[in-house]
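Sequence order for the protein chains is P and X. Mind the numbering: the first sequence is residues 4 to 118 in this note's numbering, read in order. Mind the numbering: the second sequence is residues 22 to 130 in this note's numbering, read in order. Note that the Cβ used here is the ideal one computed from N, Cα and C, for glycine as well. None of the values given here were measured: they were computed from a predicted structure. So the structure is just underneath, and the comments pick up after that.
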Amino acid sequence: KAGVTQTPRYLIKTRGQQVTLSCSPISGHRSVSWYQQTPGQGLQFLFEYFSETQRNKGNFPGRFSGRQFSNSRSEMNVSTLELGDSALYLCASSQNGRGVTDTQYFGPGTRLTVL
Amino acid sequence: GEDVEQSLFLSVREGDSSVINCTYTDSSSTYLYWYKQEPGAGLQLLTYIFSNMDMKQDQRLTVLLNKKDKHLSLRIADTQTGDSAIYFCAESINNDMRFGAGTRLTVKP
Numbered sequence: 004k005a006g007v008t009q010t011p012r013y014l015i016k017t018r019g020q021q022v023t024l025s026c027s028p029i030s031g032h033r034s035v036s037w038y039q040q041t042p043g044q045g046l047q048f049l050f051e052y053f054s055e056t057q058r059n060k061g062n063f064p065g066r067f068s069g070r071q072f073s074n075s076r077s078e079m080n081v082s083t084l085e086l087g088d089s090a091l092y093l094c095a096s097s098q099n100g101r102g103v104t105d106t107q108y109f110g111p112g113t114r115l116t117v118l
Numbered sequence: 022g023e024d025v026e027q028s029l030f031l032s033v034r035e036g037d038s039s040v041i042n043c044t045y046t047d048s049s050s051t052y053l054y055w056y057k058q059e060p061g062a063g064l065q066l067l068t069y070i071f072s073n074m075d076m077k078q079d080q081r082l083t084v085l086l087n088k089k090d091k092h093l094s095l096r097i098a099d100t101q102t103g104d105s106a107i108y109f110c111a112e113s114i115n116n117d118m119r120f121g122a123g124t125r126l127t128v129k130p
């Protein structure tokens, strides 16, 4: 099976702009989670989508949003970018959901740089 | 505390064993995971252990779990330069996953 893919791999934006990141899960996986990874804060959970519905949400402002399509592909959007949004954004897919018996598989990430 | 804790750095010589330690937070954690992240890449699932197990071995990797102390360790036998990476410990609780800050393993030739 192909792994989790994320596009683009690298992105450079300026403050105030908005950005959309894409994630394609492993075939058959219905849950997609998004994480932000920064040197200072480590790995932080953004949100999880399952069957096109946001099922869990981390502690991030409303500028961070996402959606999931019927084929389980997911997009994450960040509006009004700030310098502090510079990070590696990781997407992870699993069959049914985070934790418990369901193992997450991570994509390579999208490195976003905000200038 | 509420954090999954790991030491930040570990340096070993090629051929030696590496032991990366982790303290997790919740005794009700169901699964505990070890992920590896190489430069510029996402997280790669290395191995996981169910909370009712004490040990799991997979080729060069050995995971030890001490539930009483909430302590998890990852031992890499015969460490190679290709093992240089950041290793993340993670726990799953109900429908949540918590990650440690990662341990940067440096393998010297």
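Kindly provide the ranges of any alpha helix (DSSP H) runs that are 4 or more residues long and lie completely inside the stretch 35-81 of chain P, ordered along the chain.
none
Excluding the 5 residues preceding and the 5 following T8 of chain P in the sequence, name in chain order all residues of the same chain whose CB lies nearer than 7 Å to its CB.
S27, G110
According to DSSP, simplified to helix, strand and coil, what is D105 of chain P?
coil
Does any residue of chain P bring its CB to less than 8 Å from the CB of A106 of chain X?
no
Is there contact between the stretch 80-94 of chain P and the stretch 90-105 of chain X, where contact requires at least three CB pairs shorter than 8 Å?
no
Taking Cβ-Cβ distances below 8 Å as the criterion, which residues of the stretch 65-83 of chain X are in contact with chain P?
Q65, L66, Y69
Under the rule that 16 or more other beta-carbon atoms within 10 Å means buried, what is L29 of chain X, buried or exposed?
exposed
Where S30 of chain P and Y108 of chain X are concerned, what is the direct C-alpha to C-alpha distance, given to the nearest angstrom?
26 Å
Environment of S48 of chain X [buried if 16+ CB atoms lie within 10 Å]
exposed
Does chain X have any CB closer than 8 Å to the CB of Y108 of chain P?
yes
Does the structure place the stretch 60-78 of chain P close enough to the stretch 7-25 of chain P that three or more beta carbon pairs sit under 8 Å?
yes
From C43 of chain X to R34 of chain X, what distance separates their C-alpha atoms?
21 Å
What residues from the stretch 86-100 of chain P come within 9 Å of chain X, judged by C-beta to C-beta, listed N to C?
L91, L93, C94, A95, G100
Would G22 of chain X count as contacting chain P if we go by Cβ distances under 8 Å?
Any reading at G22 of chain X must be qualified, since the residue scores a pLDDT of 41, below 50, and its modelled position is unreliable; no value is offered.
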